[in-house]
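Worksheet for the structure shown next.
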Amino acid sequence: MQQELFDTQGVDEGIQLNMKDADVSYYPSFLLADQALHYFNVLSQQLTWREEHIQLYGKLFKVPRLQAWYGDDDASYRYSNLSMQPNNWTGSLLELKALCEHKTQHSFNSVLANWYRDGQDSMGMHADNEPELGHRPCIASLSLGQERTLVFAHKHSKEKLRLSLASGSLLIMRGKTQEYWLHGIAKTKRPLLGRINLTFRSIIN
Ligand SMILES: O=C(O)CCC(=O)C(=O)O
């Protein structure tokens, strides 16, 4: 089963992004198009999606996307002031985790799933630098469905880079990336379909 999964993956060619103080690689066709569509459909139906709220300056705001947190029992995580308790892995998430572990040669114990329902759903600029992720974390970010633009901004030089994340693509961030760069998904007025993003992470307890 495991070997079959690896055999049916998309083209394996990756691009190392030209970013100072970072180690980011991008695999545009990590999954085949119909595999990506299959996982989009399965995950949109199977995961326990939640519309979370965050408190900012004493006011409660809706998080502008749906979220779900899956992982090993002890992989609880704080994210934007939310404490996320993991759901138990599903078969599909375990398959995708195995593919990402094979590609990165890194093991993951959790995944944050984000469902951007349309162009109005977004993620603010941030770094994945919570203490639970440890020093210089490796994060594997898999995109399914509608292509969206990821913006990177250097924390000091303010240099910006935009990258279109295709359906079935994998973005791997390692090394100093979270120390020096913010990243996010901007809103757009263009009419867009749904996109699911999975960021596989290792939580250190
Ligand atoms: O949706 C994306 O590509 C970005 C996800 C992300 O930045 C995160 O989960 O921390």
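Positions in the sequence shown are counted from 1; adding 51 to them yields my numbering.
For every residue, glycine included, the Cβ atom is placed at its ideal position computed from N, Cα and C.
Query: Straight-line Cα distance separating GLY170 from ARG241; Result: 6 angstroms
Query: Distance, THR200 Cα to PHE112 Cα; Result: 23 angstroms
Query: Heavy atom of ligand 1 within 7 angstroms of SER192 beta-carbon; Result: yes
Query: Through-space distance from LEU94 to VAL114, alpha-carbon basis; Result: 19 angstroms
Query: Any non-hydrogen atom of ligand 1 within 7 angstroms of TYR254 CB; Result: Note on residue identity: the sequence assigns Ile, not Tyr, to residue 254. ILE254: no, Cβ never under 7 angstroms from ligand 1.
Query: Distance, GLY65 Cα to TYR78 Cα; Result: 4 angstroms
Query: CB-CB length for ASP233 against HIS177, believed under 8 angstroms; Result: The amino acid occupying residue 233 in the given sequence is Leu; Asp does not appear at that position. The pair is a contact, with the Cβ atoms about 6 angstroms apart (cut-off 8 angstroms).
Query: Distance between LYS238 and VAL206 (C-alpha atoms, nearest Å); Result: Before going further, note that residue 206 is Lys rather than Val in the sequence given. Approximately 21 angstroms, taken between the alpha carbons.
Query: Which listed residue (SER194, GLY226, LEU184 and LYS227) has its alpha carbon closest to that of LEU214; Result: SER194
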